[in-house]
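Below is one structure, written out as structure tokens, with a few remarks after it.
Protein chains: 2
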Amino acid sequence: MFFVSLIPIRPELPFGAPSERSDAARNRERLLHAARELVNECGVDAFTMDMLACRADVGKGTVFRRFGSRAGLMMTLLSDSESEFQRQFIFGPPPLGPGAPPLERLIAFGEARIKFVEEFGELARAASEHSPQNRHDAPPVVLWHRHIEMLLREAGLDRDPWLLALSLGASLDPERVLHSLREHGIPQERLAASWRELVTRLLKDG
Amino acid sequence: MFFVSLIPIRPELPFGAPSERSDAARNRERLLHAARELVNECGVDAFTMDMLACRADVGKGTVFRRFGSRAGLMMTLLSDSESEFQRQFIFGPPPLGPGAPPLERLIAFGEARIKFVEEFGELARAASEHSPQNRHDAPPVVLWHRHIEMLLREAGLDRDPWLLALSLGASLDPERVLHSLREHGIPQERLAASWRELVTRLLKDG
DNA sequence: GATCTAAACGGACTACAGTCCGGTTAATAT
DNA sequence: ATATTAACCGGACTGTAGTCCGTTTAGATC
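Chains A and B supply the protein sequences, listed in that same order.
Each position in the first sequence, counted from 1, maps to that position plus 424 in this note's numbering.
Each position in the second sequence, counted from 1, maps to that position plus 424 in this note's numbering.
Following this line, the structure appears as structure tokens:
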């Protein structure tokens, strides 16, 4: 059994916080506000960092100092939703949260993730674009990967559950799921059913 | 049973080929030669289209007229190896080719794909970068996706084998496999073993 | 309040993919 | 040989992410 704690998506101020300067704080708020506005107005894909700098009335350098990259900004925008999702599968009610048998939790996890992607997929995809590092090793990704691994272990799959979790996780990748939903028009329910089928077969008789 | 034919990776000259002009042919050769040279010299990631145009002593417009995009060029560079891979799992000897039971073919397919990525992964990744379309719907991808689907069907998995094949395929995605190999230092054999475990469990008692 | 300094700022600059369009040329017809 | 023309060519141009560095300023110290 592990000890899992919520992982902050974008750890602001690494440790002994020398507390943010007031102008910096003001600009961060302005930027986040403008970013949300712009994403609503023209969508994630048409959104550019120049537009953001302009709208927030701030220099471009400031934007990048704050968020590091376009992907970093997207992560920040996603951070609250991602935390909420984490909260649900770690502390929430069963079958997603603890209390249900591992197979049921896995099924629920897939379903929930698919819904998450339906809602925030564009952001999530943009958050890992142009960076395999972000895609595979970002804190939230690592966390739900470990979650799957733990459930596999509980279900008695002891043959390299880490890699197995990686494979399962792959099929829930935002880009893939989004592509199935949007490009192939596959309904959420069918994706969820396929996931259920997959993990059910996998966990059958330990 | 389907009728499968080799899919040309980059269908040169769409249909009623009006035959390429001689200067165009010359330039295509020059470009391919220069591209291979440059990829060898500085690696896929450092490779730029400007470098290519310069090295081949050709205008930039010509490069893009020929290959459409960076990803398109990478596909072209990959095309021969990809065709060879296709040949092996469609016509080659068992267990990869026809003749072995589906589970064994599936296992062999994963192993072969992992080796392929070990060798050509950087190219393959670059060929689908910046384009979910390329990543998921490029002809070779569609082909091996259908191959997996067929094997699943043969093995008696009739519950939405198309989507199941998509999920399995996801774990063989070049970017993922490459990331495991290079970033996490996971040896090829361990990936292959995990794949074997995955599909074996999945196909157990139809 | 004056001084100091590290942090934050802004916007010009670079790198790269991809587009555009006026000029050139290979192939064909005459 | 000459004319014709559709395909081809080059390279200047655009859009966007990300960097750099001289300037400004918040906030702490005296």
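Note that the Cβ used here is the ideal one computed from N, Cα and C, for glycine as well.
What in chain A is Cβ-close to residue i, meaning under 8 Å?
i       : result
D584(B) : R614, A617, S618, E621
S604(B) : L587, L590
One question on the structure: do residue i and residue j come within less than 9 Å of each other, judged by their Cβ atoms?
i       : j       : result
P519(A) : E508(A) : no
W568(A) : R537(A) : yes
R559(B) : V566(B) : no
H554(A) : R494(A) : yes
L590(A) : S604(B) : yes
R614(B) : D584(A) : yes
P556(A) : E599(B) : yes
L592(A) : L547(A) : no
Give me the chain A residues within the contact set of residue i, using Cβ-Cβ distance strictly less than 9 Å, ordered along the chain.
i       : result
D597(B) : A594, D597, R600
S555(B) : The premise fails here: S555(B) is roughly 11 Å from chain A at the closest Cβ pair, so nothing lies under 9 Å.
Give me the Cα-Cα distance between residue i and residue j, rounded to the nearest whole angstrom.
i       : j       : result
F491(B) : F540(B) : 23 Å
L430(B) : Q510(B) : Any reading at L430(B) must be qualified, since the residue scores a pLDDT of 47, below 50, and its modelled position is unreliable; no value is offered.
A616(B) : G534(B) : 7 Å
L575(B) : A524(B) : 11 Å
D447(B) : P522(B) : 43 Å
R625(A) : I531(A) : 11 Å
E453(B) : G467(A) : 41 Å
F513(B) : A477(A) : 51 Å
P526(B) : A458(B) : 42 Å
N451(B) : V601(A) : 40 Å
T500(B) : F544(B) : 13 Å
S505(B) : P611(A) : 35 Å
R577(A) : S595(A) : 19 Å
A579(B) : L581(A) : 23 Å
L627(B) : W619(B) : 12 Å
S443(B) : A550(B) : 29 Å
F471(B) : V487(B) : 14 Å
D474(A) : D629(B) : 57 Å
I433(B) : M498(B) : Residue confidence is low: I433(B) scores 48 on pLDDT, short of 50, so the model does not pin down where it sits. No coordinate-derived value is stated.
L456(B) : L462(B) : 10 Å
G485(B) : G496(B) : 14 Å
H608(A) : R445(A) : 48 Å
F426(A) : G483(B) : Annotation note: pLDDT 44 at F426(A) (below 50); position unreliable, no value reported.
H571(B) : G516(B) : 14 Å
R479(A) : E542(A) : 28 Å
D469(A) : L502(A) : 15 Å
L588(A) : D597(A) : 15 Å
N464(B) : A449(B) : 23 Å
R606(B) : D481(A) : 42 Å
R460(B) : R460(A) : 44 Å
E573(B) : E573(A) : 26 Å
Which residues of chain B have a Cβ atom closer than 7 Å to the Cβ of residue i, listed in chain order?
i       : result
F456(A) : In the sequence as displayed, the identity of residue 456(A) is Leu instead of Phe. Here the premise fails: no neighbours, minimum Cβ distance about 27 Å.
R494(A) : Under the 7 Å cutoff, chain B gives no residues; its nearest Cβ is about 13 Å from R494(A).
Which bits of chain B does residue i rub up against, with CB to CB less than 8 Å?
i       : result
R577(A) : Going along chain B, no residue has its Cβ under 8 Å from R577(A), so there is no contact; the nearest lies around 14 Å.
R570(A) : Neighbours of R570(A) on chain B: none; closest Cβ ~14 Å, over 8 Å.
R537(A) : Neighbours of R537(A) on chain B: none; closest Cβ ~13 Å, over 8 Å.
L588(A) : S618, E621, L622
L626(A) : L622, R625, L626
Practice prompt. Please name the residues in the segment 557-568 of chain B whose beta-carbon is closer than 7 Å to at least one beta-carbon of chain A, in chain order.
Written response: Residues H560.
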